[in-house]
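First comes the structure, then the notes that go with it.
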Amino acid sequence: MNEFYNFYINKEEPNKSCLLALRSIILAQDNNITETQKYGMPCFCYKKKMFCYLWTDKKTTEPYILMVEGNHLDHPKLEKGDRSRMKIFRVNPNQDLPLETIETILQKALDLYRNGIIKLKE
């Protein structure tokens, strides 16, 4: 657990609190979500399949949730940019988290796995 917390603890406020809140929100969405670390960033898996990451924008330093299967998700708040597979949801750490929007996006993403659109390793 300490290796996971190093990512959060080393962040400046308000990003630290925002990222920790996002972590809690993600983990609360389903009992099958686990946390690991990939590429130096927190990675959340659904039944051992990568589902989303937490990271901060290099230019703005603001947090975002990176949805691994973003190309399957259609939501106006998700940004594709020049990514072929993933999309991101930006979060302003100086404002209240848009909890309903975050949970909607996370649940839509989880449904991709639950409904077999994204195959799980059995």
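Residue numbers for the sequence shown follow the numbering used here, beginning at 1 and rising by one. Idealized CB from N, CA, C, for every residue including glycine.
Can you check DSSP and say which residues form a bridge with residue 93? Taking the sequence shown and counting its residues from 1, the one referred to as residue 93 is at position 93. For residue 93, DSSP assigns no beta-bridge partner whatsoever.
Can you name, in chain order, every residue of its own chain whose Cβ lies under 6 Å from the Cβ of residue 20, other than the five neighbours on each side? Locating residue 20 in the sequence shown gives position 20, counting from the first residue. Result list for residue 20: 8, in chain order.
Is the segment 72-86 touching the segment 10-20, taking contact as three or more C-beta pairs under 8 Å? The segment 72-86 is not in contact with the segment 10-20.
Given a cut-off of 8 Å, decide if residue 109 and residue 54 are closer than it, judged by their beta-carbon atoms. Within the sequence shown, numbered from 1, the residue matching residue 54 stands at position 54. Within the sequence shown, numbered from 1, the residue matching residue 109 stands at position 109. Their beta carbons are not under 8 Å apart, which means residue 54 does not touch residue 109 by this criterion.
When you compare only the Cα positions, how much space is there between residue 40 and residue 4? Walking along the sequence shown from the start, residue 40 turns up at place 40. Walking along the sequence shown from the start, residue 4 turns up at place 4. Rounded to whole angstroms, residue 40 and residue 4 show a C-alpha spacing of 9 Å.
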